Amino acid sequence: MQSNTLYIASLEPEAGKLVVTMGFMEFLTRSTGNVAFFRPVIDTEKAVDPDIDLIRSRYCPAMAYDECYGFEATEVKTFVAEGRFKFFLEELLKKLTGLKEKYDFVLCQGLNSTSFLSAFDMDINMEIAKNLGCPFIGVINGMDQTPRDIAKEIKITEDAIIESGCAHSATFVNRMAEDTLGVLEVELDDPEDSSGVPVFLLPENEELDKPSLGDISDALGCENILGHNEGMDRIVKQFKIAAMTMEHFLSHVEDGDLIIVPGDRDDIILASFSTLLSANYPNVAGILLSGGFYPGKNTMHLLAGREQTIPLLSVKDDTYTTTSAVAAVPALINPGDERKIALALGLFEKHVDENHIRNITELTSTPDTVTPVMFEYGLFERARSVKKHIVLPESSDERILRATEILLRRNVVDITLLGNSEEITTHAMSLGLDISNATIIDPANSELTEKFSQSFYELRKHKNMTLDGARDAMSTPSSYFGTMMVYEGNADGMVSGAIHTTANTIRPALQIIKTSPGISVVSSVFLMCLDTRVLVYGDCAVNPDPNAAQLAEIGISSADTAATFGIEPRVAMLSYSTGVSGKGADVEKVREATAIAREKRPDLLIEGPIQYDAAIDPTVAKTKMPDSLVAGHATVFIFPDLNTGNNTYKAVQRSSGAVAIGPVLQGLKKPVNDLSRGCLVTDIINTVAITAIQAQSDKS
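Using our numbering, read the sequence shown as starting at 83 and increasing by one per residue.
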């Protein structure tokens with residue numbers, strides 16, 4: 083029997099059930115398109131429940147906030163005091179039943195242990211789960227516990243859940259020390275001690291348990307006196323009160339410090355900023371000025387002109403009051419905190435096998451609908467399934483470094499950055515980023531440089547390339563060096579273009595990697611994520627006016643790209659005319675291209691010339707092309723020229739709200755992809771994942 087509900091509850095304070103909830107929502111959103119999040123009871127004292135705020139904004143934005151919870155804690159206390167607990171359950175289950183009718187899956191998250199006494203919380207959570215028929219997942223706090231203590235708690239938890247009458251799906255032990263986790267993994271592998279209920283172990287992560295600068299700023303109502311928001315996602319690992327002289331203060335600085343100092347201590351402020359420029363000192367996370375004082379005019383002028391900077395916050399309270407307030411700020415995961423979100427999801431995905439989650443949720447079939455969220459998250463999972471190595475030449479760009487951190491934290495790919503190691507590391511640290519798991523290669527002094535120079539010379543000497551010219555090309559962190567890494571097998575793919583032009587990305591690929599057999603033209607597609615499906619548009623970025631033979635190749639390459647990303651290719655060769663009704667050079671080009679493509683690839687479903695409406699709308703197709711296997715059901719749309727394709731994809735993107743992922747380059751023997759110079763961090767992440775998936779299909 084397929085279950086469409088799960089109930090996740092913590093058995094004690096600060097167990098980290100939100101990380102478990104996010105892991106399940108990530109899987110469910112990717113696996114089924116219509117998922118709801120529900121909290122039976124929320125804390126009364128908070129204007130907005132932070133867990134609902136995060137989960138709703140990320141996974142189910144169409145849900146109204148009021149849909150996501152049943153009652154406030156004070157209401158439930160009143161029900162209990164008045165002997166109306168049965169009424170509470172009846173009303174709660176009525177709301178949950180309504181959600182089950184409306185959504186394919188409802189993930190419930192239990193009461194916070196601070197709402198009532200812990201034991202009473204657990205009783206209520208199990209009572210709600212039992213009455214709804216929800217399989218129950220318990221979350222245990224493993225911090226500072228021995229393996230023996232945790233093993234006992236797992237058994238006690240299992241017994242309590244079974245005794246309550248709930249179906250027990252799994253137990254998660256969170257926030258464990260690494261050495262404890264290793265010991266317990268061995269003990270839990272003993273089949274004689276196994277109850278058959280899966281137990282998952284998650285280690286403690288320091289950053290998830292610390293607030294960000296943004297959390298502190300919001301909680302204290304700080305003023306950001308430098309006037310920009312860069313770096314507000316930095317994690318504050320600890321805070322320091324700077325009351326001594328600069329000389330003695332510097333000996334106490336640690337990585338991730340929030341420096342709390344009166345605003346008139348210009349010496350401490352300048353010393354804190356200077357840690358960014360020195361390899362001899364760790365980087366502070368930010369500076370919080372107390373007392374309502376500001377640095378002097380010249381000091382502010384000096385700070386405002388720096389390229390590398392950290393947040394400079396100010397409050398009016400004295401240092402003691404400010405420090406007490408900072409110490410009370412909770413460690414939250416907020417909707418916009420992509421670094422913490424990536425860290426939490428990476429932690430879950432590293433330690434929890436997706437097949438176990440599939441078994442727990444009992445999802446036996448995949449829906450026909452594919453939402454943009456499902457498709458984008460699916461990119462990560464596919465890329466991670468056979469992890470590839472991607473080289474990023476443009477490591478001087480902040481967006482590249484931010485994307486690198488997220489990709490590494492999510493364990494999507496291995497990454498090599500090109501450039502000076504010290505400069506890259508210093509830049510990343512100044513941004514508060516951890517890219518320690520990335521490989522950094524400096525072409526100026528790498529042992530690969532001469533080897534690549536010789537290879538490039540051999541490849542291009544027939545075009546009058548000299549060895550010195552080849553060395554010049556390979557001695558800088560450019561697309562040429564990155565492309566040669568792919569060619570020589572030192573990387574599986576390359577992504578470039580955040581700084582450089584499309585030509586600078588494609589030209590080295592054409593000179594070194596070259597096109598696939600039977601393909602003479604490099605082209606591109608956009609993956610157009612509509613509300614319920616993903617379409618492929620080509621070519622919308624590279625070839626201005628392809629001839630019939632080139633257009634045929636673009637159609638074939640686009641079909642293969644669609645198949646690579648799990649989209650069944652049904653190719654529509656677009657024109658302003660459908661079938662045999664139209665004439666003219668433009669229509670004849672498409673008609674000829676269709677014939678060439680069919681001859682080259684008889685295994686593909688290809689229709690053309692065909693108008694867009696006949697290709698996508700089954701009703702129109704019945705009138706214009708009733709016997710076509712493509713008309714009305716096309717998934718791959720090939721435009722006759724760049725002008726048409728580029729304008730169409732942008733019109734669909736802007737008018738329908740579709741997510742356009744791309745351009746994805748195709749036709750090369752090995753994957754190289756181009757970024758827009760206006761790309762966002764999310765665009766880089768998606769493009770790297772796409773490149774990794776293309777590399778998985780590489781048969782060269």
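For every residue, glycine included, the Cβ atom is placed at its ideal position computed from N, Cα and C.
Remember, predicted model here, so these are calculated numbers, not experimental data.
Residue from the options whose Cα sits closest to the Cα of residue i
i: VAL101; options: ILE90, GLU94 and TYR539; result: ILE90
i: ASP723; options: ASN625, MET576, LYS212 and LEU359; result: ASN625
i: THR327; options: HIS471, ALA426, GLY338 and ILE351; result: ILE351
i: PRO122; options: LEU88, VAL746 and CYS142; result: LEU88
i: THR443; options: PHE187, TYR569 and ILE134; result: PHE187
i: THR717; options: LEU617, VAL158 and ASN493; result: LEU617
i: LEU429; options: THR401, GLY220 and LYS99; result: LYS99
i: LEU500; options: ILE720, ARG491, VAL473 and ASN729; result: VAL473
i: ALA35; options: SER659, ARG673 and ARG166; result: A question about residue 35 goes unanswered here, because the residues of the chain that appear run from 83 up to 782.
Close beta carbons around residue i, own chain, < 6 Å, minus the five adjacent residues each side
i: GLU235; result: ILE222
i: ARG683; result: ILE638
i: ILE743; result: LEU609 and ASN768
i: ILE581; result: GLU476 and ASP479
Opening and closing residue of the beta strand (DSSP E) in which residue i lies
i: ILE124; result: 117-124
i: MET258; result: 250-258
i: GLU689; result: 687-692
i: ALA652; result: It should be noted that the sequence gives Arg, not Ala, for residue 652. Where ARG652 is concerned, the enclosing beta strand (DSSP E) stretches over 652-656.
i: GLN748; result: 741-748
i: ALA520; result: Per DSSP, ALA520 belongs to no beta strand (DSSP E) and is neither H nor E.
i: PRO285; result: 281-285
i: ASP186; result: No beta strand (DSSP E) holds ASP186; DSSP gives it neither H nor E.
i: MET576; result: 575-578
i: LYS322; result: 320-323
C-beta contact flag for residue i and residue j at 8 Å
i: ASP496; j: LYS533; result: no
i: LEU308; j: VAL408; result: no
i: PRO258; j: GLU289; result: A small fix is needed here, since residue 258 is Met in this sequence, not Pro. The answer is no: Cβ separation not under 8 Å.
i: THR111; j: TYR459; result: yes
i: MET655; j: ILE688; result: yes
i: ILE517; j: ALA526; result: no
i: TYR731; j: PHE608; result: yes
i: VAL397; j: LEU302; result: yes
i: ARG759; j: GLY564; result: no
i: MET107; j: TYR141; result: yes
i: PRO691; j: THR705; result: no
Exposure of residue i, with buried meaning 16 or more beta-carbon neighbours within 10 Å
i: LEU266; result: buried
i: VAL268; result: exposed
i: ASN768; result: buried
i: SER139; result: exposed
i: THR614; result: exposed
i: ALA777; result: buried
i: GLU260; result: exposed
i: ASN755; result: buried
i: GLU245; result: exposed
i: GLY387; result: exposed
i: ASP226; result: exposed
i: GLN191; result: buried
i: SER447; result: Legend: pLDDT at SER447 = 42, less than 50; position of this residue unreliable, no value from coordinates given.
i: THR531; result: buried
Continuous alpha helix (DSSP H) stretch holding residue i: start and end
i: ASN380; result: 379-386
i: THR726; result: 724-738
i: HIS433; result: 420-433
i: SER246; result: 229-246
i: GLY551; result: 549-556
i: GLN776; result: 763-778
Minimum Cβ-Cβ distance from residue i to chain C less than 8 Å
i: SER356; result: Reference to chain C is not applicable here, since this structure consists of a single protein chain.
Cut-off 7 Å between Cβ atoms - residues of its own chain near residue i, not counting five sequence neighbours on either side
i: THR357; result: VAL335, TYR363, PRO364, ASN365 and VAL366
i: ASP349; result: MET328
i: ALA249; result: PRO217 and PHE218
i: ALA740; result: MET610, CYS611, LEU612 and VAL734
i: GLY180; result: none
i: SER779; result: THR646
i: ASN423; result: Looking at the sequence itself, residue 423 is Ile, so the reference to Asn does not match. Closer than 7 Å at the Cβ level, and outside the excluded window around ILE423, lie ILE415.
i: MET566; result: PHE534, SER537, PHE538, MET556 and ILE594
i: ARG316; result: SER294, LEU295, ALA367, GLY368 and GLY514
Contacting residues, own chain, Cβ-Cβ under 8 Å from residue i (five flanking each side not counted)
i: ALA361; result: GLU504 and THR508
i: ILE588; result: VAL604, VAL624, LEU747, VAL754 and ASP756
i: THR239; result: LEU93, GLY220, ILE222 and THR253
i: HIS383; result: none
i: THR558; result: PRO525 and ALA526
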